[in-house]
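Residue numbers (the working numbering): 96 to 359.
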């Protein structure tokens with residue numbers, strides 16, 4: 096999903112003030128354009144350089160859970176995940192190069208390396224609701240065409256809804272991204288629809304403080320979407336990705352992010 100399209104602009108306005116056609120033409124309003132909003136969303140979800148400690152928990156509709164202790168190593172536009180099972184040790188390594196555009200998956204026990212391309216990018220990670228493409232930090236504005244479609248009110252507040260149409264064909268027909276205009280348009284929910292425009296799954300973000308080690312003696316508490324809950328309607332699973340800490344003092348060699356080294 097590669098594109099250099101970065102010129103399609105829309106502005107948030109009060110929903111009653113403009114028609115859908117006015118949104119599509121990118122007229123000015125309060126809160127930024129659809130392009131700016133999604134650029135901001137990408138930046139807010141961007142992984143910081145360093146070493147993250149995470150956990151992925153997959154809960155089935157029967158209530159059974161599988162837990163993977165996870166390490167994420169991030170350097171510039173490359174991400175390297177290592178998923179560890181409590182019973183089987185390291186099970187999966189994921190390498191994302193070119194800001195999530197090139198995806199490699201190495202299944203440790205099978206000793207098999209896959210280059211995830213085309214529809215393979217939408218396969219589920221370890222049976223979770225997260226597809227490979229969902230966690231690669233790929234830019235929304237480079238891969239989707241955006242427009243503001245209105246607002247949604249619920250018990251938690253009023254949110255701006257941005258529709259994202261993929262520029263390349265895949266398993267997603269469209270994404271609706273809800274952002275909070277009162278909190279720098281931070282993302283609160285993403286609804287994923289299949290090509291038939293049927294809701295497939297929903298990702299919700301919960302915010303909290305993430306300990307970020309900037310120096311050997313200094314730790315900052317940074318507000319971050321520390322919990323990602325993905326509800327997969329088709330299979331009845333809920334997958335949770337939790338961020339516990341990030342250490343930015345570690346030195347990550349460039350060799351860690353090379354495809355030829357993932358099997359080591």
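Glycine included, each C-beta is placed from N, C-alpha and C at the ideal position.
Since the model is a prediction, treat every value here as computed from it, not as a measurement.
{"Asked": "Ordered list of beta strand (DSSP E) runs contained in the region 180–221, each at least 3 residues", "Found": "184–192, 197–202, 207–211"}
{"Asked": "Euclidean distance between Cα positions of residue 349 and residue 138", "Found": "23 Å"}
{"Asked": "Candidates 230, 352, 305, of which the one nearest residue 343 by Cα", "Found": "305"}
{"Asked": "Spatial distance of residue 288 from residue 310 (CA atoms)", "Found": "42 Å"}
{"Asked": "Cα-Cα separation, residue 212 to residue 264", "Found": "12 Å"}
{"Asked": "DSSP-derived helix/strand/coil call for residue 349", "Found": "helix"}
{"Asked": "Opening and closing residue of the beta strand (DSSP E) in which residue 324 lies", "Found": "314–327"}
{"Asked": "Bounding residues of the alpha helix (DSSP H) (the contiguous stretch that carries residue 131)", "Found": "129–140"}
{"Asked": "Assigned exposure category for residue 242 - 16 Cβ within 10 Å defines buried", "Found": "buried"}
{"Asked": "Exposed unless 16 or more other CB atoms sit within 10 angstroms - verdict on residue 146", "Found": "buried"}
{"Asked": "Whole-number beta carbon distance between residue 296 and residue 224, since they are thought to touch under 8 Å", "Found": "5 Å"}
{"Asked": "Segment contact flag, the region 170–190 with the region 152–160, C-beta cutoff 8 Å, min 3 pairs", "Found": "no"}
{"Asked": "Element boundaries [beta strand (DSSP E), containing residue 153]", "Found": "145–154"}
{"Asked": "Cut-off 6 Å between Cβ atoms - residues of its own chain near residue 120, not counting five sequence neighbours on either side", "Found": "Below a pLDDT of 50, predicted positions are generally treated as unreliable, and residue 120, at 29, falls in that range; the measurement from the model is reported next regardless. Cβ within range, chain order: n/a, list empty."}
{"Asked": "Test item: CB-CB of residue 352 and residue 192 under 8 Å", "Found": "yes"}
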